[in-house]
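Student:
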Amino acid sequence: MSDLRRVMCVEDDPDIRMIIEFSLATLGGYEVFLCSDGRTALAQAPNFKPDLVLLDVMMPGLNGPETLAALRKHVEMVAVPVVFMTAKAMPDEVEELLQYGATGVIVKPFDPVTLPQDIRIYWDYARGI
Amino acid sequence: MASELTEGLSSASLAKFKVLQEHFVAGLAVRWCAVSDAITPHELQAELHRLSGAAGSYGFEHLSQCARAAELLSNGHKAAGTVLALALAQVQVEIKLAQTPAQEAPSAG
Chain A
74 MSDLRRVMCV EDDPDIRMII EFSLATLGGY EVFLCSDGRT ALAQAPNFKP
124 DLVLLDVMMP GLNGPETLAA LRKHVEMVAV PVVFMTAKAM PDEVEELLQY
174 GATGVIVKPF DPVTLPQDIR IYWDYARGI
Chain B
8 MASELTEGLS SASLAKFKVL QEHFVAGLAV RWCAVSDAIT PHELQAELHR
58 LSGAAGSYGF EHLSQCARAA ELLSNGHKAA GTVLALALAQ VQVEIKLAQT
108 PAQEAPSAG
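Protein chains in written order, with my numbering: chain A, 74 to 202; chain B, 8 to 116.
1) Shortest alpha-carbon distance to residue 78(A) belongs to which of 155(A), 145(A), 86(A) and 97(A)?
2) Do we get a CB-CB distance below 8 Å when we pair residue 191(A) with the residues of chain B?
3) By a C-beta neighbour count over all protein chains shown, 10 Å radius and 16 as the cutoff for buried, is residue 200(A) buried or exposed?
4) According to the neighbour-count rule (16 or more other Cβ atoms, all chains shown, within 10 Å of its Cβ), is residue 51(B) buried or exposed?
5) How long is the line joining the alpha carbons of residue 129(B) and residue 96(B), rounded to whole angstroms?
6) Check distances from the C-beta atoms of the stretch 52-66 of chain B to those of chain A and list, in chain order, the residues that come in under 8 Å.
7) Would you identify the three-state DSSP class for residue 116(B), choosing helix, strand or coil?
8) Could you tell me which of 150(A), 99(A), 128(A) and 95(A) sits nearest to residue 120(A), measuring between CA atoms?
9) Thinking C-beta only, is residue 144(A) closer than 8 Å to residue 126(A)?
10) Which of the three DSSP states, helix, strand or coil, is assigned to residue 158(A)?
11) Which residue or residues does DSSP assign as beta-bridge partners of residue 178(A)?
12) Classify residue 15(B) as buried or exposed, calling it buried when 16 or more other Cβ atoms lie within 10 Å of its own Cβ.
13) Between the alpha carbons of residue 190(A) and residue 139(A), how many angstroms are there, rounded?
14) Can a CB atom of chain B be found closer than 8 Å to the CB of residue 79(A)?
15) Run through chain B and tell me which residues come within less than 8 Å of residue 186(A), C-beta to C-beta.
16) How is residue 112(A) classed by DSSP in three states: helix, strand or coil?
17) Determine whether the Cβ of residue 181(A) lies closer than 8 Å to any Cβ atom of chain B.
18) Between residue 141(A) and residue 81(A), what straight-line distance do the alpha-carbon atoms span, to the nearest angstrom?
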């Protein structure tokens with residue numbers, strides 16, 4: 074792994090996609106690829122080659138855990154850190170999400186100003202820093 | 008009323024955030040229609056979930072919290088009906104507050 078530069082965000086709500094783009098691209102300086110559903114993410118991930126994936130849990134079609142499981146079947150995506158976004162932040166729910174193989178969980182609503190730092194922390198964690 | 012998420016942003020970033028915030032507020036009427044038109048408890052829960060998640064990230068913490076409370080009540084239990092109606096009314100109030108342009112603070116002196 075090199076540095077955290079390319080972030081793929083999978084989120085069905087267009088308003089949340091917009092604020093994520095503002096947060097991660099405008100404020101954080103990351104290259105951001107936005108997807109509105111899990112199937113698009115699966116199709117685009119091998120091309121975009123994200124360094125980290127930010128993945129909504131509750132989505133129509135493939136939900137977050139299903140998308141994560143399918144992403145892991147791509148050779149290029151086996152070790153890419155995936156961070157779930159969820160409004161359900163009870164400890165047992167977070168624990169369950171981590172058991173799917175996510176690196177971390179970001180609780181919605183999130184602060185767009187601190188989100189770039191938050192994902193950097195998970196990136197460092199995934200690298201063992 | 009929007010809370011302050013934007014402390015420390017450059018003027019250019021702040022201006023961009025304000026534009027996004029206005030766009031979000033402009034879409035609240037559609038979001039409320041989706042909540043009002045929800046037929047099943049699952050649909051209602053999903054719309055409130057989306058509203059809660061989005062509103063807080065745009066600085067509307069009270070709206071986010073009210074939508075979250077209503078979401079938790081919208082699990083289909085009939086006993087929660089009256090409380091749910093009150094929670095939805097509170098969501099509507101918070102939407103109207105968000106749609107109300109902020110008053111300029113009076114200048115001192």
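Backbone N, C-alpha and C fix where the C-beta goes; we use that ideal spot for every residue, glycine too.
Tutor: Let's see:
1) The shortest C-alpha separation from residue 78(A) is found at 97(A).
2) With its beta carbon at least 8 Å from every one in chain B, residue 191(A) lies outside the interface.
3) Residue burial is scored here from C-beta neighbours: residue 200(A) has fewer than 16 other C-beta atoms within 10 angstroms and is therefore classed as exposed.
4) Buried.
5) Nothing about residue 129(B) can be reported from this structure: the residues present for chain B run from 8 to 116 only.
6) Listed in sequence order: 53, 56, 57, 59, 60, 61, 62, 63, 64 and 65.
7) Caution is warranted here: a pLDDT of 42 is assigned to residue 116(B), below 50, making its placement in the model unreliable, and the coordinate value is therefore given only provisionally. Secondary structure at residue 116(B): coil, using DSSP grouped into helix, strand and coil.
8) The residue from 150(A), 99(A), 128(A) and 95(A) with its alpha-carbon nearest to that of residue 120(A) is 150(A).
9) Closer than 8 Å, so yes.
10) DSSP places residue 158(A) in strand when its eight states are reduced to three.
11) Residue pairing of residue 178(A) in beta bridges, as defined by DSSP: 157(A).
12) Label assigned to residue 15(B): exposed.
13) The straight-line gap separating the alpha-carbon atoms of residue 190(A) and residue 139(A) is approximately 27 Å.
14) No, because no Cβ of chain B sits closer than 8 Å to the Cβ of residue 79(A).
15) Residue 186(A) reaches chain B at 12, 13, 14, 15 and 16, counting residues in chain order whose Cβ is nearer than 8 Å.
16) Looking at residue 112(A) - three-state DSSP - the assignment turns out to be helix.
17) Any Cβ of chain B closer than 8 Å to the Cβ of residue 181(A) would place that residue at the interface, and such an atom is present.
18) For residue 141(A) and residue 81(A), the distance between alpha carbons rounds to 12 Å.
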